[in-house]
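Only one structure is covered here, and it is reproduced in the block below.
Protein chains: 2
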Amino acid sequence: MPPSKTKRAVTEPRKKGDVDTDEAIYNAIRQAMLMGKLPAGLNLQEPTLARALGVSRERVRKALHRLAHERWLDMIPNRGTFVPTPTIEELHNIYEARKILEVGIARKLATRRAFIDTERLTQHVAAEKKAIKSDDRGRLFKLSAEFHFLLAELSGNDQLVDMLRGLLTRSSLHFSLFAPKRLHNCAGPHEHEDIADAVLKGDTGRAAKLMLDHLAGLETMLSVRNRVDNFTSLEDVFRCTAVDRGKTAPLTGRKQGGKSVGQKT
Amino acid sequence: MPPSKTKRAVTEPRKKGDVDTDEAIYNAIRQAMLMGKLPAGLNLQEPTLARALGVSRERVRKALHRLAHERWLDMIPNRGTFVPTPTIEELHNIYEARKILEVGIARKLATRRAFIDTERLTQHVAAEKKAIKSDDRGRLFKLSAEFHFLLAELSGNDQLVDMLRGLLTRSSLHFSLFAPKRLHNCAGPHEHEDIADAVLKGDTGRAAKLMLDHLAGLETMLSVRNRVDNFTSLEDVFRCTAVDRGKTAPLTGRKQGGKSVGQKT
DNA sequence: GCAGCCTAATATGTGCACATTTACTATCAA
DNA sequence: TTGATAGTAAATGTGCACATATTAGGCTGC
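Protein chains in written order, with numbering that gives the first Met the number 0: chain A, 0 to 264; chain B, 0 to 264.
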């Protein structure tokens, strides 16, 4: 073994690759947003988050920077990091972009249906139908969201997948902030079935039109904005989500007021 | 003035908002890539870059992370950061995505031409024509690249602008790596003029077709890959680009072998 | 002579301490 | 009472030191 490094009990043994820890922090915050736990405009303070998650501030900092760069959060230099407040105009822009992109994807898939993995598509639609029959809302919600992703993946074009990921990311932010409670399963998954059917039959025009209508319906649904948030504190939000490392909560500050819903922009 | 902070001569006075310094580092590396100065597969080592740019390693680190996240660079944990090696397949995917996106943009602009800033479009095309007549290759290159961006901006949709930015970013990487030397001005800017004309006349079908053909032409041009790099060292590349802060080059390492063209993936 | 391992050197990753900036509060004067 | 202002506390930002990982080179044994 190396000679000049035999003392590693200073900060704790520590795992080898902490990359999974970073992922855990990233996912915890993202998941909290998707669940609608974090109200729009909330100031995500690094020390508070670090304490809530039980990790060091630098880790939180890295995750926040990443999320900000992916446009999940708004970061203002020397001010802080905030949960964005999606606007109706942004919603419109997102869905306009989705129409262009996803109609294009649908057209491509229908045109070159001989080259795609029809089995995956068929199975996914079957899974959605099954979820409907068993009235499994949670699973159906998940599958519905993944359907659009699946189409992008089936196109075999990484660029399209990446672009749609960003769009769906922002899209789900609107979803979690403004359309939770009784979500009527994505305007009906039978629409997904119809789209898949048109694609598999190679009916390009119909696939394109169905996708267009489907997205228009989603946009209309999300345009109704009513929202009440029951946010209390970051500690409560991440109480059972805390990253499970031994005991790594240095943290300097000793007080935390997890409220400050500062303005942004 | 605050009482407990009167000693600031430890590390140098230091500017107030160093955010411009970060930008300078970021732009220096990005520009070097666009200029084709950095060969594909090159390992960008943090200490070497820090010394070449005359800044601290942390700053370089931050810039590298940002560039990696924007897919300008490939970053492998515990291994290093590398200049990516664009493949033909990626080129195809990029242009397929561009076709979907930009044809969609062109269609929208032509359809709603009454709402767009026709003046900006007209002036841009005029500027391109002027650059052609005066044979100003540099300016024409710049304008040609901006034309596609301009169309996205005229759409008034931030989402579309962002997506196209990512695509053009990656696209320009192919350009700088595989089509430099005698670039025949983007397959002729008269194509841009024709597209603008169709848009302004509201001829949706023609605008879409012209854009499609234009992009197909670009893709074909970039498919011919011949590349010789005259790379020497990172010091040479950034010799006159060094960030101009007073004298902030701490840096621990004392030797630098700016060669290592390590493999990736 | 070559394969495998061990060792040294260098690069990346991270916690910590401190600098800087911002926000909040209390005080005083008009 | 209200306004501005100074002061305090806590946030963000950053350089530094050290821990960890990787790689290249040399050595030994088969």
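Where is the CB? At the ideal position from N, CA and C, for every residue including glycine.
Proximity test, Cβ basis, 8 angstroms: residue i and chain A
i: B/Leu296; result: Residue 296 of chain B lies beyond the range of chain B shown here (0 to 264); nothing can be said about it.
i: B/Asn26; result: no
i: B/His68; result: yes
i: B/Gln158; result: yes
i: B/Met162; result: yes
Min CB distance residue i to chain B below 8 angstroms
i: A/Pro76; result: yes
i: A/Asn92; result: yes
i: A/Leu221; result: no
Whole-angstrom C-beta distance between residue j and residue i, which should lie under 8 angstroms
i: A/Pro38; j: A/Phe230; result: 5 angstroms
i: A/Ala265; j: A/Leu209; result: What the structure shows of chain A is the stretch from 0 to 264, and residue 265 of chain A is not part of that stretch, so it cannot be assessed.
i: B/His173; j: B/Leu221; result: 5 angstroms
i: A/Asp21; j: A/Lys61; result: 6 angstroms
i: A/Asn156; j: B/Glu95; result: 6 angstroms
i: B/Arg29; j: B/Leu52; result: With 8 angstroms as the limit, B/Arg29 and B/Leu52 do not qualify as a contact, their Cβ atoms being about 13 angstroms apart.
i: A/Trp71; j: A/Met32; result: 6 angstroms
i: B/Arg97; j: B/Leu159; result: The pair is not a contact, with the Cβ atoms about 12 angstroms apart (cut-off 8 angstroms).
i: A/His123; j: A/Phe146; result: 6 angstroms
i: B/Thr117; j: B/Leu48; result: Not really, about 45 angstroms apart at Cβ, beyond 8 angstroms.
i: B/Ala144; j: B/Gly201; result: Between B/Gly201 and B/Ala144 the Cβ distance is about 26 angstroms, and since that is not below 8 angstroms, they are no contact.
i: A/Val54; j: A/Ile24; result: 6 angstroms
i: B/Arg138; j: B/Ala130; result: 5 angstroms
Burial state of residue i (16 or more Cβ within 10 Å)
i: A/Lys132; result: exposed
i: A/Lys36; result: buried
i: B/Arg111; result: exposed
i: A/Phe148; result: exposed
i: B/Lys107; result: buried
i: B/Asn77; result: exposed
i: B/Thr121; result: exposed
i: A/Val59; result: buried
i: B/Phe114; result: exposed
i: B/His191; result: buried
i: A/Arg224; result: exposed
i: B/Ile75; result: exposed
i: A/Ala125; result: exposed
i: A/Glu127; result: buried
i: B/Glu45; result: buried
Spatially closest choice to residue i from the options, by CA coordinates
i: B/Val102; options: B/Ser175, B/Asp21, B/Leu163; result: B/Leu163
i: A/Glu89; options: A/Arg169, A/Arg56, A/Asp134; result: A/Arg169
i: A/Pro85; options: A/Pro46, A/Glu57, A/Gly40, A/Gly201; result: A/Gly40
i: B/Leu153; options: B/Ser175, B/Ile93, B/Ile104, B/Ser55; result: B/Ile104
i: B/Leu100; options: B/Thr219, B/Ala207, B/Ser55, B/Val223; result: B/Ala207
i: B/Glu218; options: B/Leu43, B/Glu57, B/Ile87, B/Glu45; result: B/Ile87
i: B/Asn26; options: B/Glu57, B/Asn42, B/Leu63; result: B/Leu63
i: B/Ala151; options: B/Ser175, B/Arg138, B/Ala195, B/Asp135; result: B/Ala195
i: B/Phe81; options: B/Lys129, B/Glu57, B/Asn42; result: B/Asn42
i: B/Asp233; options: B/Ile93, B/Asp17, B/Arg50; result: The identity of residue 233 of chain B in the sequence shown is Leu, whereas the question assumes Asp. Selected option, being the one with the closest Cα: B/Arg50.
i: A/Glu57; options: A/Asp73, A/Asp17, A/Gly204; result: A/Asp17
i: A/His91; options: A/Arg238, A/Gly216, A/Asp73; result: A/Gly216
Name, going along the chain, the residues of the stretch 94-114 of chain B whose beta-carbon falls closer than 7 angstroms to a beta-carbon of chain A. Glu95, Ala96, Ile99, Leu100, Gly103
Using a Cβ-Cβ cut-off of less than 7 angstroms, list which residues of the stretch 198-209 of chain B approach chain A; keep chain order. none
Where the stretch 17-47 of chain A meets chain B: residues whose CB sits under 8 angstroms from a CB there: Val18
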